[in-house]
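Per mature numbering (1 follows the signal peptide of the UniProt record, and there is no 0), the sequence shown runs over residues -20 to -1, 1 to 249. Built from N, CA and C at the ideal position, the CB exists for glycine as well. Treat the numbers as computed from the prediction; the structure is a model and nothing was measured. Just below is one structure, and these are the notes that go with it.
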Amino acid sequence: MALTLQIFLILIFGSIVCQGNKVIEVLTDADGDMHIEVGHSGHFGVYLKANYPVENLDLIANFTSSKPGIANLSKEEVSIFSNSKEDPCYVKFHGLKVGKATVTVKNATLVNESHSNTSIKYDGIKVVVRVVHFPPLIIINAVIGWIYFVAWSVSFYPQVYLNWKRKSVVGLNFDFLAYNITGFLAYGLFNIGMFWIPTVEHQYEKQHPGGINPVQLNDVVFTLHAIAVTLGTIFQCLIYDRGGQRVSNICKVLVAGSWLFAAIALVVT
């Protein structure tokens, strides 16, 4: 009897808690970055999602563009209804000049008094709009980028294969490997920072307002692959016949100086 009473109280308490934590989310159907041509308009859909059954829900969301001089919103105030998943409401914008802008929700309020005790979440709305001169160039740029990745990546393997076949690295310039690994590591850190680290991206945007991140996925994949293959080649130099070859003193000084300069610049800046 006592156990049954405890279960009953837990169910009642859980029901009260669930009713007291009503949440409505403002979501978007935008999948990834949006690209539009200068002088043209675009849009993305927004809809509501609640953790409880809703009917006749009316919400007003105020949208804002981080760079209105690049992508200007046609209308900042947008009404979103409870059935907007099937029939989404749209946020419309116009591309004014080349660059990148981020569209977010500034605030949102419920019109219906019956839902006044409901909290609204809209931090998931963050649509990146990239305004370009000619959208097809994005595809052309990507194709050329991956062709460049394949061409340069394939060029590493004949030397690796030759070293393995001969079980010797005689004739391979060790200075070349030292310069290569230094360059690829520096290039890789730059690409990874620009592509995957938000802090670095924000610093770049601050230095180049309205600019577009020049680093693409193929750049990142290329450098990671290049570092891996170069390290593999260096490992071959350690286990195969070297014939007395070594890294020259001039190369050691130049490489050490490069990393010393990079370390000092990192601390100073």
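*Check whether the Cβ atoms of Lys101 and Val26 sit closer than 8 Å, and answer yes or no.*
Contact: no.
*In angstroms, rounded to a whole number, what distance separates the CA positions of Asn92 and Ser59?*
So the alpha carbons of these two residues sit roughly 12 Å apart.
*Thinking just about the alpha-carbon of each residue, which of Leu204, Phe164, Tyr32 and Val112 is nearest to the one in Asn97?*
Of the listed residues, the one whose Cα sits closest to Asn97 is Tyr32.
*Residue from Thr82, Leu7, Ser62 and Glu35 whose Cα sits closest to the Cα of Pro189*: Looking at Thr82, Leu7, Ser62 and Glu35, the one whose alpha-carbon comes closest to that of Pro189 is Thr82.
*If you drop the 5 nearest sequence neighbours on each side, which residues of the same chain put their C-beta closer than 6 Å to that of Gln(-2)?*
Because Gln(-2) carries a pLDDT of 49, less than 50, the predicted location of this residue cannot be relied on, and the following value inherits that uncertainty. Correct list: empty, nothing qualifies.
*Is it true that the CB of Val107 sits closer than 8 Å to the CB of Met14?*
It is a contact, given that the beta carbons lie within the stated cut-off.
*Among Phe61, Cys69 and Gly79, nearest to Lys47 - alpha-carbon criterion*: If you compare the alpha carbons of Phe61, Cys69 and Gly79 with that of Lys47, the shortest gap goes to Gly79.
*In angstroms, rounded to a whole number, what distance separates the CA positions of residue 264 and Leu204?*
Because the chain here runs from -20 to 249, residue 264 falls outside it and cannot be looked at.
*asked:* Do Val201 and Val85 have their beta-carbon atoms positioned less than 8 Å apart in this structure?
replied: No, Cβ-Cβ distance for Val85 and Val201 is not below 8 Å.
*asked:* Is Ala10 near the ligand GTP - that is, is its Cβ less than 7 Å away from at least one heavy atom of it?
replied: The ligand GTP is absent from the structure shown, which contains no ligands of any kind.
*Let me know if Ile50 comes out buried or exposed under the rule of 16 or more other beta-carbons within 10 Å of its beta-carbon.*
Buried, because 16 or more other Cβ atoms sit within 10 Å of the Cβ of Ile50.
_By DSSP's criteria, Gly22 is part of a beta bridge. Which residues make up the other side?_
Its beta-bridge partners are Phe73.
*Counting along the chain, where does the beta strand (DSSP E) carrying Val130 start and finish?*
Counting along the chain, Val130 falls outside any beta strand (DSSP E), though it belongs to the alpha helix (DSSP H) covering Pro116 to Val134.
*Where residue 274 and Asn193 are concerned, what is the direct C-alpha to C-alpha distance, given to the nearest angstrom?*
Residue 274 falls outside the range modelled here, since the chain spans only -20 to 249, and no answer is possible.
*Under a Cβ-count criterion, where at least 16 other Cβ atoms within 10 Å of its own Cβ denotes burial, should Gln183 be classed as buried or exposed?*
Exposed, by the Cβ-count rule.
*Bridge partners of Ser148, per DSSP?*
According to the DSSP secondary-structure assignment, Ser148 is paired through a beta bridge with Asp221.
*So what does DSSP say about Cys231, is it helix, strand or coil?*
Cys231 carries a helical assignment under DSSP once its states are collapsed to helix, strand and coil.
*Look at the alpha carbon of Tyr141 and the alpha carbon of Ile119, and state the distance between them as a whole number of angstroms.*
About 34 Å.
*Could you please give the first and the last residue of the uninterrupted beta strand (DSSP E) stretch that includes Ala41?*
Note, Ala41: beta strand (DSSP E), Asp38 to Ser45.
*Distance, Cα to Cα, Gly12 vs Glu56?*
Going by the C-alpha atoms only, they are around 21 Å apart.
*Can you say whether Asp199 is buried or exposed, counting buried as having 16 or more other CB atoms within 10 angstroms of its CB?*
Buried, because 16 or more other Cβ atoms sit within 10 Å of the Cβ of Asp199.
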